[in-house]
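S.K.: Sharing a structure here in structure tokens format.
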Amino acid sequence: MNVSDYDFPSPKFIIFHYFIKWFIDNFGIIPYFIFIVGSVLLFCMYALRNSFKKNEFDKIVMISIFTLIIIGGLIGLGYDINNGYPITFK
779 MNVSDYDFPS
789 PKFIIFHYFI
799 KWFIDNFGII
809 PYFIFIVGSV
819 LLFCMYALRN
829 SFKKNEFDKI
839 VMISIFTLII
849 IGGLIGLGYD
859 INNGYPITFK
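If you count the sequence shown from 1, you need to add 778 to reach our numbering.
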């Protein structure tokens, strides 16, 4: 990923790509799914549970949509950084 590929005046967030690549290269894709994706999922589920207890149904819908977008993006990014290879157990 080259920084020069982006011509738009927006933040690049390259540090996230480098961190995920480092994590997958050192630990593998399965620990990435368990620790990184799982921790984000647990945080979103915690927020969802708190909103459900307070009967804030508009927040429940927003958190659910946010969770689907974030988790789907993290899974897709991890699979892409893994060079699209099938997930294998080491």
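Just so it is clear, CB atoms sit at the ideal spot from N, CA and C, and this is done for glycine as well.
Any contact of the stretch 789-798 with the stretch 833-845, i.e. 3+ C-beta pairs under 8 Å?
M.R.: No: fewer than three Cβ pairs fall under 8 Å.
S.K.: Does the contact criterion of 3 or more C-beta pairs under 8 Å hold for the stretch 853-862 versus the stretch 822-831?
M.R.: Short answer: they don't touch.
S.K.: Quick check on DSSP: helix, strand or coil for G806?
M.R.: Coil at G806, not helix or strand.
S.K.: Among the residues of its own chain, which have a CB less than 6 Å from the CB of F844, if the five just before and after it don't count?
M.R.: Once the five neighbours on either side are set aside, F844 has no close Cβ partner at all.
S.K.: So for F791, helix, strand or coil by DSSP?
M.R.: If DSSP states are grouped into helix, strand and coil, F791 belongs with coil.
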